[in-house]
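So the sequence shown is numbered by the working numbering: it starts at 15 and just counts up by one. Have a look at the structure below, then the notes.
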Amino acid sequence: MAFTKCPKCDAKTKVRKFALVIHIEPDQLFILNKQCRYCVGCDLIIVRRAEIESLMAMAFESRDPAIIGSEYVVVGTLPRKAWRDRDNKDMRPADTLDHALIFKDVWEFEVVGGGWGPSAC
Ligand SMILES: [Zn+2]
């Protein structure tokens, strides 16, 4: 499913870049700047789990491979300003969470088993 239409209201979705705030067990915070499908009417962000997982695997392959495959939750998004500040000011994870817009609801449209592993390349 490409989700060119909103699964909730059937309107056409837009492509917009979001900084997704991801909490990885036990205590790792990861910000993923990524293009997502977005429905303006429903304020709904649509991301594919497989895409998140391959990007996370790439990011952690060299940094902290032991974390790959851990449980994670996408908790919300970071506003653009906080995202930029984060680069400038070396914010602590707690500060990042303070600025995050936490999702009210998370829907799962498909559950793909197997967890996430290192990228093939
Ligand atoms: Zn919608």
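A virtual CB, placed ideally from N, CA and C, is assigned to each residue, including glycine.
Proximity below 8 Å, CB of residue i to CB of residue j
| i | j | result |
| --- | --- | --- |
| F74 | I81 | yes |
| L92 | I36 | no |
| Y52 | T27 | yes |
| S68 | E39 | no |
| A25 | G55 | yes |
| R98 | T110 | no |
Local conformation of residue i per DSSP, three classes
| i | result |
| --- | --- |
| F74 | helix |
| A80 | helix |
| K118 | coil |
| R62 | coil |
| V126 | Here V126 scores only 48 on pLDDT, less than 50, and its place in the model is too uncertain to base an answer on. |
| A25 | coil |
| C135 | Note on C135: pLDDT 47, under 50, position unreliable in the model; the coordinate value appears next. Note: C135 maps to coil in three-state DSSP. |
Terminal residues of the beta strand (DSSP E) in which residue i lies
| i | result |
| --- | --- |
| A108 | That residue, A108, is in no beta strand (DSSP E); its alpha helix (DSSP H) goes 107 to 113. |
| K28 | 28 to 38 |
beta-carbon residue i near ligand 1 non-hydrogen atom, thresh 7 Å
| i | result |
| --- | --- |
| K22 | yes |
| A25 | yes |
| C53 | yes |
| L92 | no |
| C56 | yes |
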